[in-house]
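Asker:
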Amino acid sequence: MTMTLHIGDKNLSSWSLRPWLLLKQAGIPFTENMIRFGRPETRSEMLKHAPTGLVPCLVDGETAIWDSLAIAEYLAESFPEKRLWPEDKAARAEARAISAEMHSGFSALRTVWPMNFSRQGMRHIQPDAVRADIARIAAIWEGARARWGEKESGGGPFLFGRFSIADAMYAPVVSRFVTYGPVALPPRAAEWRDMMFALPAMKEWGEGAAREV
Ligand SMILES: N[C@@H](CCC(=O)N[C@@H](CS)C(=O)NCC(=O)O)C(=O)O
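Just so we're aligned, residue 36 is where the sequence shown starts under this note's numbering, counting upward by one.
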């Protein structure tokens, strides 16, 4: 039976984009079910799948996984041949650390600049806390590309050469750095952001987002 990924609005649900992009990039078949935000039935619909009443939630047969990073780990275990984490132990450790940092951090950026995928040139403020989050994220992207981009698994355009969970975790920030910017970034980080935003799967998500607004 095909897995089902329950997601929120494509324009707004940054957490949903992560596992959706991961599944698409890895070429893993899945059924998508969107639960629109802000409707009277939103919460009860979400609670049918996830005890948190939040999206994303991946349902695989009897198993429900209701957190984006837990979904990513579940997919990495279920499809080892997809190599969703880098192969080198040190690269994998860094990929896990930056994915966890995204999952638990950058609250200023997330609060002040919510994802609004299909809007361009959004007016915005840049308080010190947002500036600090941007500087840290730029260092993360630049560092991963410099250390691993050409070295890990034969090299490639992603943070760790091949596409990995770390790329998926930062995909909503890619959107923010385009729609609230473009945000000035060091060269390797800017190149990675632009490559990510141009991925066919990101475009597909963007088309869905545009249809919602
Ligand atoms: N830590 C969770 C966060 C999930 C989350 O906060 N989801 C938000 C949307 S992106 C949600 O479902 N909100 C419910 C609502 O706004 O009605 C994860 O990684 O999946």
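Think of the CB as a built atom: it goes at the ideal place given N, C-alpha and C, for glycine as much as any other residue.
(1) Assuming Lys45 and Glu247 form a contact by the criterion Cβ under 8 Å, report the distance between their Cβ atoms to the nearest whole angstrom.
(2) For a test of your reading of the model: does the CB of Phe195 fall under 7 Å from any non-hydrogen atom of ligand 1? Yes or no.
(3) What number of angstroms, rounded off, separates the C-alpha of Arg78 from the C-alpha of Gly196?
(4) Are the CB atoms of Met38 and Val21 within a distance shorter than 8 Å?
(5) According to DSSP, is Met157 part of a helix, a strand, or is it coil?
(6) Enumerate in chain order the residues of its own chain whose CB-to-CB distance from Ala111 is below 7 Å, with the five nearest sequence positions on each side excluded.
(7) Helix or strand or just coil, what does DSSP make of Val94?
(8) How many angstroms separate the CA atom of Gln161 from the CA atom of Ser153?
(9) At a cut-off of 7 Å, is Leu40 close to ligand 1 when judged by its beta-carbon and the heavy atoms of the ligand?
(10) Alpha carbon to alpha carbon, how far is Ala173 from Ala219?
(11) Could you pull out every residue in the same chain whose Cβ sits closer than 8 Å to the Cβ of Ser113, ignoring the five residues on either side in sequence?
(12) Closer than 7 Å to a non-hydrogen atom of ligand 3 - does that hold for the CB of Thr66?
(13) Considering only residues of the same chain and omitting the five flanking positions on each side of Trp101, which have a CB-CB separation below 6 Å?
(14) Less than 8 Å between the beta carbons of Arg223 and Glu187, yes or no?
(15) Where do the N-terminal and C-terminal ends of the beta strand (DSSP E) with Phe65 fall, by residue?
(16) Do Leu194 and Arg180 count as a contact pair if the criterion is CB distance below 8 Å?
(17) Taking a contact to mean a Cβ-Cβ separation below 8 Å, would you say Ala236 touches Lys117 in this structure?
Answerer: This is what the structure gives:
(1) On the sequence shown, position 10 is the one that residue 45 refers to. On the sequence shown, position 212 is the one that residue 247 refers to. Yes, Lys45 and Glu247 are in contact; Cβ-Cβ is about 6 Å, under 8 Å.
(2) Reading the sequence shown from its first residue, position 160 is the one you call residue 195. No; taking the cut-off as 7 Å, the Cβ of Phe195 has no heavy atom of ligand 1 nearer than that.
(3) Position 43 of the sequence shown, counted from the first residue, corresponds to residue 78. Position 161 of the sequence shown, counted from the first residue, corresponds to residue 196. Using only the alpha carbons, I get a separation of about 39 Å.
(4) Given a span of 36 to 248 for the chain in the structure shown, any question on residue 21 remains unanswerable.
(5) Counting from 1 along the sequence shown, the entry for residue 157 is found at position 122. Coil.
(6) As a first step, residue 111 is located in the sequence shown; it is residue number 76 there, counting from the start. Leu119, Trp120, Ile200, listed in sequence order.
(7) Your numbering for residue 94 matches position 59 in the sequence shown. Strand.
(8) On the sequence shown, position 126 is the one that residue 161 refers to. On the sequence shown, position 118 is the one that residue 153 refers to. If you take the alpha carbons of Gln161 and Ser153, they lie about 20 Å apart.
(9) For the purposes of this step, residue 40 is taken as the residue at position 5 of the sequence shown. No, ligand 1 has no heavy atom inside 7 Å of this Cβ.
(10) Within the sequence shown, numbered from 1, the residue matching residue 173 stands at position 138. Within the sequence shown, numbered from 1, the residue matching residue 219 stands at position 184. Distance between the alpha carbons of Ala173 and Ala219 is about 9 Å.
(11) Along the sequence shown, one-based indexing puts residue 113 at 78. So the list reads Asp95, once near-sequence residues are dropped.
(12) Ligand 3 is not among the ligands present in this structure, which contains only ligand 1.
(13) As a first step, residue 101 must be located in the sequence shown, where it is residue number 66. Ala85, Thr87, Cys92.
(14) Counting from one through the sequence shown, the residue named residue 223 turns up at place 188. Counting from one through the sequence shown, the residue named residue 187 turns up at place 152. Not in contact: Arg223 and Glu187 (Cβ atoms no closer than 8 Å).
(15) Taking the sequence shown and counting its residues from 1, one reaches residue 65 at position 30. It spans 65–69 - the beta strand (DSSP E) in which Phe65 sits, taken as one unbroken run.
(16) Reading the sequence shown from its first residue, position 145 is the one you call residue 180. Reading the sequence shown from its first residue, position 159 is the one you call residue 194. Yes, the pair counts as a contact, with Cβ atoms nearer than the cut-off.
(17) Taking the sequence shown and counting its residues from 1, the one referred to as residue 236 is at position 201. Taking the sequence shown and counting its residues from 1, the one referred to as residue 117 is at position 82. Taking 8 Å as the Cβ cut-off, Ala236 and Lys117 do not qualify as a contacting pair.
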